[in-house]
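Residue numbers (our numbering): 949 to 1100.
Worksheet: one structure, shown below.
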């Protein structure tokens, strides 16, 4: 990675491809779990959220756009994901559905931001945390629900 005449970093095509590929693959894997459970936002949505967040981060790191601050771009991504997440939350009678999917989208966006910024270890750790929440904690959640129903 070099410097441009304006002082902004210059990313090689290979670096950009690696960052986008990481966001694509991990976003897709996060989406597979939601798709498997027939949720509103699944494989394609999670993949697009991760890749989009990565692109916004890459663009901001290049000093393109109205601001050179990656923090402003990150804040914009988080705000946008809030709108998407709000769209998957549904109130049905006494229950609310879609909160986990909204949180998964939010976490997927953070993975895309980290991948786009080149923080590969952070991206991998975030993905690992997402998997641990979606699988082992899901089993714990079901066990707790089952136990609480038995005590009624």
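Glycine included, each C-beta is placed from N, C-alpha and C at the ideal position.
Here the structure is a predicted model, which means the values were calculated and not measured.
* Measure the C-alpha to C-alpha separation of residue 992 and residue 998 and round it to an integer number of angstroms. => It is roughly 10 Å from the alpha-carbon of residue 992 to the alpha-carbon of residue 998.
* What is the DSSP secondary structure of residue 1100, reduced to helix, strand or coil? -> Correct three-state label for residue 1100: coil.
* Stretch pair the segment 1019-1038 + the segment 1051-1062: three plus CB contacts closer than 8 Å -> Output reads yes: the segment 1051-1062 touches the segment 1019-1038.
* How long is the line joining the alpha carbons of residue 966 and residue 1092, rounded to whole angstroms? -> Approximately 41 Å, taken between the alpha carbons.
* Asked: Leaving out five residues before and five after residue 1062 in sequence, what residues of the same chain have Cβ atoms less than 7 Å from its Cβ?
  -> Excluding positions up to five away in sequence, the list reads 1070, 1071 and 1074.
* Asked: Is residue 1006 buried or exposed, if buried means 16 or more other CB atoms sit within 10 Å of its CB?
  -> Buried, since its Cβ has 16 or more Cβ neighbours within 10 Å.
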